[in-house]
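In this note's numbering, the protein residues as written are 38 to 228. All remarks here apply to the structure that follows.
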């Protein structure tokens, strides 16, 4: 498995975007230099074992936060893609994506995230996540065809945490058990 970065120039590209790809590529090379990346189409590619030697999750997450910081003044969003399901709040990503959009829900549109077996297409998943966003605030940090990973900006406690756990179980029965304690990061996966 490899960790790579791609810049998405698809449907959500804007003609007025002033993106600095050569400068960003140089900065990304420096950012990933401890991992001795090879370059593919001008972007760094690093083996997962090098990137995540000490912690399966931290390597990709640290790179994501650094890429987001690097691009904070650009009209783009960075997220983790090609997610592999591992547990309720843990997934592993083999790809970081930079997309020309500032709408976090476009992440789900780009990845075609859905819960088809439960009657939710991409827009249905987005509608449900917007409910959570209104109540707790969310930051979508990863997505795949049938998985989404996000951070809660407000972490509920006590009865409110129980209510959220039941809501998540109703929305995503594949988690099998309603969580009652939250650390802030949630990954949902539909079989």
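Virtual Cβ for every residue (Gly too), placed ideally from N, Cα, C.
Counting only runs of at least 4 residues, the region 116 to 184 fully encloses the following alpha helix (DSSP H) elements, listed from N- to C-terminal order: 143 to 148, 159 to 173. Note that the C-beta distance between residue 212 and residue 201 is not below 9 Å.
DSSP, reduced to helix, strand and coil, places residue 227 outside both helices and strands of the structure shown, so it counts as coil.
Contact annotation, residue 174 with residue 117: C-beta distance approximately 19 Å; criterion of less than 8 Å not satisfied. Judged by their CB atoms, residue 185 and residue 132 are not nearer to each other than the 9 Å cut-off. Bounds of any alpha helix (DSSP H) do not take in residue 221, whose DSSP letter is neither H nor E. Nearest neighbour of residue 192 by Cα position, chosen from 170, 111, 101, 210, turns out to be 170. Under the DSSP assignment, residue 207 falls in the alpha helix (DSSP H) whose first and last residues are 195 to 208.
As the crow flies, the alpha-carbon of residue 210 is around 29 Å from that of residue 114.
Its chain contains 159, 182 as the residues whose beta carbon lies nearer than 7 Å to that of residue 149, once the 5 sequence neighbours on both sides are disregarded; these appear in chain order. DSSP lists 175 as the beta-bridge partner residues of residue 189.
Pairing residue 162 with residue 151 gives a Cβ-Cβ distance under 9 Å. Each of 195, 172, 196, 206 was checked against the Cα of residue 188, and the nearest Cα belongs to 172. Taking C-beta atoms as the reference points, residue 142 and residue 109 fail to come closer than 9 Å.
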